[in-house]
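Working notes, structure below.
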Amino acid sequence: MQEWLQVLKAADAAARWHVHHRRKGPAEEPYINHLLEVAMLVAHATDGTDINLVVAALLHDAIEDSEVPRELIAETFGEDVASIVVEVTDDKSLPKTERKLKQVATAAMKSPRAKVLKIADKTSNLRAIAASAPADWSVKRRIEYVQWARRVVEGLRGANPRLEAQFDEAANSAERSFRANVI
Numbered sequence: 703m704q705e706w707l708q709v710l711k712a713a714d715a716a717a718r719w720h721v722h723h724r725r726k727g728p729a730e731e732p733y734i735n736h737l738l739e740v741a742m743l744v745a746h747a748t749d750g751t752d753i754n755l756v757v758a759a760l761l762h763d764a765i766e767d768s769e770v771p772r773e774l775i776a777e778t779f780g781e782d783v784a785s786i787v788v789e790v791t792d793d794k795s796l797p798k799t800e801r802k803l804k805q806v807a808t809a810a811m812k813s814p815r816a817k818v819l820k821i822a823d824k825t826s827n828l829r830a831i832a833a834s835a836p837a838d839w840s841v842k843r844r845i846e847y848v849q850w851a852r853r854v855v856e857g858l859r860g861a862n863p864r865l866e867a868q869f870d871e872a873a874n875s876a877e878r879s880f881r882a883n884v885i
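Position one of the sequence shown corresponds to residue 703 (my numbering), numbered consecutively onward.
This is the structure we're talking about:
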């Protein structure tokens, strides 16, 4: 019972910390939808056996997007959760291009749990691109994002084949969303 309270506490914190954030697509979904989807993907991939990883999935963008201090995450949800969140957090002081290259370069060095979380995150992002890509993203930018996500996940493979299959389907769906249908 206590484990599920931690999950709900994390969902509440994530909703509060990201209350003003929206996805970039025309649907402008509340950002919490992304965090919940990533948590669900992680829970499904681990058969619900790793509650701390589900909590970390809910909080995975807290440091990066909401400047929540690592110490607050550790104090509230424990060191294990905080360390996973930090492991998947980009260094926003680096230029965007460098951050993206770093994700590709460091993917294979992630812990197995961080790999699962990163694959879930990329899967959710690709699903969003397929369903509601940002209006200001050209076809070229969407193609480049899918290619980059595939390169990141290449270094994460072996962590969870079931989740990797979901990523592959999301990447294929994202590609189909900007290709002409040929009958």
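A virtual CB, placed ideally from N, CA and C, is assigned to each residue, including glycine. Computed from a predicted structure; not experimentally measured.
DSSP beta-bridge partners of P732
The partner list for P732 (beta bridge, DSSP) reads R724.
So the alpha helix (DSSP H) K798 belongs to, where does it begin and stop?
Here the alpha helix (DSSP H) through K798 covers 798-808.
To the nearest angstrom, how far is the alpha carbon of A784 from that of R772?
Spanning the alpha carbons of A784 and R772 requires a straight line of approximately 6 angstroms.
Buried or exposed by the 16-neighbour rule on C-beta atoms within 10 Å, applied to D763:
Classification for D763: buried.
Pick helix, strand or coil for H762, following the three-state DSSP scheme.
Residue state, collapsed to three classes: coil.
What is the rounded straight-line gap between the Cα of D838 and the Cα of G727?
Cα to Cα, D838 sits roughly 9 angstroms from G727.
So, at 8 angstroms on beta carbons, what are the nonlocal neighbours of S813 in its own chain, with the 5 sequence-adjacent residues on each side left out?
Around S813: I786, E789.
With a CB to CB cut of under 8 angstroms and the five nearest residues on each side skipped, what residues in its chain are close to S875?
L828, R829, A832.
To the nearest angstrom, how far is it from the Cα of K737 to the Cα of K711?
Checking the displayed sequence, the identity of residue 737 turns out to be Leu instead of Lys. Using only the alpha carbons, I get a separation of about 14 angstroms.
Residue environment, A816, which counts as buried when at least 16 other CB atoms sit within 10 Å
Label assigned to A816: buried.
Short check: CB of A716 to CB of L760, under 8 angstroms?
Cβ distance < 8 angstroms, so A716 and L760 count as in contact.
On a Cα-Cα basis, can you pick out the residue from V854, K842, K798, L858 that is closest to R881?
Ranking the options by Cα distance to R881, first place goes to K842.
Which term fits E730, buried or exposed, when burial requires 16 or more other beta carbons within 10 angstroms of its beta carbon?
Exposed, since its Cβ has fewer than 16 Cβ neighbours within 10 Å.
In whole angstroms, what is the alpha-carbon distance linking H722 and I734?
Distance between the alpha carbons of H722 and I734 is about 10 angstroms.
When DSSP labels each residue in this structure, what does G857 get in the three-state scheme?
DSSP places G857 in helix when its eight states are reduced to three.
Host alpha helix (DSSP H) of R772 (start-end)
Per DSSP, the continuous alpha helix (DSSP H) segment holding R772 begins and ends at 772-779.
Candidates P797, G860, A873: which alpha carbon is nearest Y847's?
The shortest Cα separation from Y847 among P797, G860, A873 belongs to A873.
Note the first and the last residue of the continuous alpha helix (DSSP H) segment covering S875.
863-879 is the extent of the alpha helix (DSSP H) around S875.
Could you have a look at E769 and say whether DSSP puts it in helix, strand or coil?
Three-state DSSP puts E769 in coil, outside helix and strand.
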